[in-house]
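Visitor: Line by line, the protein sequences are chains A and B.
Position one of the first sequence corresponds to residue 1 (the working numbering), numbered consecutively onward.
Position one of the second sequence corresponds to residue 205 (the working numbering), numbered consecutively onward.
Note that the Cβ used here is the ideal one computed from N, Cα and C, for glycine as well.
Got a structure for you, written out below as structure tokens; questions coming shortly.
2 protein chains.
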Amino acid sequence: MTSLGEYALLDQSWHDVVPDAARRMLIAAAQAFADKGYHATTTRDIAARAGMSPAAVYIHYRSKEDLLFQISRIGHERSLKVLTGVQDPDPVDRMARTVASFARWHAEFRTTARVVQYELGALSPEHHAVVAELRRKIETHVRSMVEEGVRSGAFTVPDLKGTSLAVLSLCIDVARWYRPDGTRTPEQIGSLYADLVLRMLRTP
Amino acid sequence: MTSLGEYALLDQSWHDVVPDAARRMLIAAAQAFADKGYHATTTRDIAARAGMSPAAVYIHYRSKEDLLFQISRIGHERSLKVLTGVQDPDPVDRMARTVASFARWHAEFRTTARVVQYELGALSPEHHAVVAELRRKIETHVRSMVEEGVRSGAFTVPDLKGTSLAVLSLCIDVARWYRPDGTRTPEQIGSLYADLVLRMLRTP
DNA sequence: GTCTATATCCGGATAGAC
DNA sequence: GTCTATCCGGATATAGAC
Chain A
1 MTSLGEYALL DQSWHDVVPD AARRMLIAAA QAFADKGYHA TTTRDIAARA GMSPAAVYIH
61 YRSKEDLLFQ ISRIGHERSL KVLTGVQDPD PVDRMARTVA SFARWHAEFR TTARVVQYEL
121 GALSPEHHAV VAELRRKIET HVRSMVEEGV RSGAFTVPDL KGTSLAVLSL CIDVARWYRP
181 DGTRTPEQIG SLYADLVLRM LRTP
Chain B
205 MTSLGEYALL DQSWHDVVPD AARRMLIAAA QAFADKGYHA TTTRDIAARA GMSPAAVYIH
265 YRSKEDLLFQ ISRIGHERSL KVLTGVQDPD PVDRMARTVA SFARWHAEFR TTARVVQYEL
325 GALSPEHHAV VAELRRKIET HVRSMVEEGV RSGAFTVPDL KGTSLAVLSL CIDVARWYRP
385 DGTRTPEQIG SLYADLVLRM LRTP
């Protein structure tokens, strides 16, 4: 079950989804997909979580896969926004603040993040292509941040592309292991990760 | 499709599974589960990959879930063995070599690793408890390696448990992003990761 | 041990009333 | 827009011959 707090947070992300019933359905589907996986989730399950009949799914969505696509697309857009939203002239501070918010996002919005990261394979080829483009932008952004730090002399890395991938990977995997009932808050995870990443990248 | 090379590598892990048909079925299932996920895989699919009839699955396994459990159990045992197999008196060298083999394993045996990491939720409660115990051992081992380094003065970390989790997480997530047709070999990923982790942990 | 055939159930999607 | 009822394809697992 989902606490009211998490629901409210989820709601932020889906705020622009209208009408109301469509949004409730999307949130219900995201929770079900995150809990049990896309293929293990039935449309009856989604409808029940949204408090509606099984047929109600098809009023606002063409198919179960369409529901997944909307969650994945909006989730990727949100994640890209969090990643690129940090403005800071100093490459080191920018990296630290970006890693902190990006890792934090994967904890705080773990439900969405899990669907984003682990259900790509269930998308149709056409829908997959759309989110793949967003994923490329995410990778590119991380790499260019590392690159900037290297150019400024603050970072020294053995393998630019590989190291950037590792930084991204570290943040993303938070969605796998994070538990809301754990000892660390998303905020604390963000701080810790910013510190660890700077240690990984900084010129000795 | 799987190259002969990968098959041979897979075969190593499953070497003690007998009889032959049972092993072929297990390998077929592991590949299918890794490709499409447990719930998206049909028993017909597994049987076809093993070159047998759908009913043949039930000669050696009680159910599809039993097949998953065997893969998960053996995979966890293998992964634990790789992690704990490194002997080295120096905490820093030990950490470096362990991270290198553990990360490498998650690339080289990506097929098994993906089932191990991403299909836990499909196990029955009883079977889940068995692998959860193995997972606890893995976490504990990483933490005690970090701890030793801290005791020796070679490592300095802000949060022992959180940092250990991050090291483990970094290695595990290799199974998600690694592609056999990429530019880096599993060996190279191991080396890079050993370097990155030491930078994360070392006392400045 | 392996096969063919099939029982049985379940899930995505639709029809049509309100 | 939402419901109840239902169609129909497909999936797990079993029966029984060889």
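Using only the alpha-carbon positions, how far apart do A194 of chain A and R73 of chain A sit?
Guide: In the first sequence, the residue the question calls residue 194 of chain A occupies position 194. In the first sequence, the residue the question calls residue 73 of chain A occupies position 73. Straight-line spacing of the CA atoms in A194 of chain A and R73 of chain A works out to 26 Å.
Visitor: Are there 16 or more other CB atoms within 10 angstroms of the CB of S305 of chain B, so buried, or fewer, so exposed?
Guide: Residue mapping note: residue 305 of chain B aligns to position 101 of the second sequence, counting from 1. Buried, since its Cβ has 16 or more Cβ neighbours within 10 Å.
Visitor: What are the residues in the segment 192-203 of chain A lying within 9 Å of chain B by C-beta distance?
Guide: Of all residues in the segment 192-203 of chain A, the ones placed with a Cβ closer than 9 Å to any Cβ belonging to chain B are L192, Y193, D195, L196, V197, R199, M200, L201 and R202, in chain order.
Visitor: Tell me the DSSP secondary structure of F33 of chain A in three-state form.
Guide: Residue numbering aside, residue 33 of chain A sits at position 33 when the first sequence is read from its first letter. Residue state, collapsed to three classes: helix.
Visitor: For the candidate residues B:A232, B:T360 and B:I275, whose alpha-carbon lies nearest to that of R403 of chain B?
Guide: The residue labelled residue 403 of chain B in the question sits at position 199 within the second sequence. For R403 of chain B, the nearest C-alpha among the options comes from B:T360.
Visitor: With three or more C-beta pairs closer than 8 Å as the rule, is the segment 83-102 of chain A touching the segment 32-39 of chain A?
Guide: no
Visitor: Got a sec, what are the start and stop residues for the alpha helix (DSSP H) F359 of chain B sits in?
Guide: To locate residue 359 of chain B, count along the second sequence from 1; it is residue 155. No alpha helix (DSSP H) contains F359 of chain B, which DSSP labels as neither H nor E.
Visitor: Can you round the beta-carbon distance between R282 of chain B and S373 of chain B to whole angstroms, since I take them to be within the 8 Å contact cut?
Guide: Here residue 282 of chain B refers to the residue found at position 78 of the second sequence. Here residue 373 of chain B refers to the residue found at position 169 of the second sequence. In this structure R282 of chain B does not touch S373 of chain B by the C-beta definition: roughly 19 Å separates them, more than the 8 Å allowed.
Visitor: Consult DSSP for R179 of chain A and reduce its assignment to one of helix, strand or coil.
Guide: Here the question's residue 179 of chain A lines up with position 179 in the first sequence. The answer is coil: DSSP assigns R179 of chain A none of H, G, I, E or B.
Visitor: Excluding the 5 residues preceding and the 5 following V378 of chain B in the sequence, name in chain order all residues of the same chain whose CB lies nearer than 7 Å to its CB.
Guide: Position 174 of the second sequence, counting from 1, holds the residue named residue 378 of chain B. Hits under 7 Å: A307, H310, A311 and I393.
Visitor: Pull up the distance between the alpha-carbon of S53 of chain A and that of A22 of chain A, whole angstroms please.
Guide: Stepping through the first sequence from its first residue, residue 53 of chain A is reached at position 53. Stepping through the first sequence from its first residue, residue 22 of chain A is reached at position 22. S53 of chain A and A22 of chain A have their C-alpha atoms some 13 Å from each other.
Visitor: Check the Cβ of W381 of chain B against every Cβ in chain A and list those closer than 7 Å, keeping chain order.
Guide: In the second sequence, residue 381 of chain B corresponds to position 177, counting from 1. Neighbours of W381 of chain B on chain A, chain order: L165 and S169.
Visitor: Which residue comes first and which comes last in the alpha helix (DSSP H) that contains T247 of chain B?
Guide: Position 43 of the second sequence, counted from the start, is the residue given in the question as residue 247 of chain B. T247 to R253 is the extent of the alpha helix (DSSP H) around T247 of chain B.
Visitor: So, using beta-carbon positions, are M25 of chain A and A47 of chain A closer together than 9 Å?
Guide: One-based indexing of the first sequence puts residue 25 of chain A at position 25. One-based indexing of the first sequence puts residue 47 of chain A at position 47. Against a cut-off of 9 Å, the Cβ pair of A47 of chain A and M25 of chain A comes out as a contact.
Visitor: If you check the beta carbons only, do A29 of chain A and I59 of chain A fall under 9 Å apart?
Guide: Indexing the first sequence from 1 puts residue 29 of chain A at position 29. Indexing the first sequence from 1 puts residue 59 of chain A at position 59. With a cutoff of 9 Å on beta-carbon distance, A29 of chain A and I59 of chain A are scored as not near each other.
Visitor: Check the C-beta distance from S368 of chain B over to R347 of chain B and give it rounded, since I have them as a contact under 8 Å.
Guide: Sequence index remark: in the second sequence, residue 368 of chain B carries index 164 (1-based). Sequence index remark: in the second sequence, residue 347 of chain B carries index 143 (1-based). So it is a contact: roughly 4 Å between Cβ atoms.
Visitor: Could you spell out where the alpha helix (DSSP H) holding E108 of chain A opens and where it closes?
Guide: As a first step, residue 108 of chain A must be located in the first sequence, where it is residue number 108. Residues P91 to E108.
Visitor: I'd like to know if V131 of chain A contacts chain B, where contact means its C-beta is closer than 9 Å to some C-beta of that chain.
Guide: On the first sequence, position 131 is the one that residue 131 of chain A refers to. No, V131 of chain A does not count as interfacial toward chain B.
Visitor: Cβ of T185 of chain A less than 9 Å from any chain B Cβ?
Guide: Position 185 of the first sequence, counted from the start, is the residue given in the question as residue 185 of chain A. Not closer than 9 Å to any Cβ of chain B, the Cβ of T185 of chain A fails to qualify, so no.
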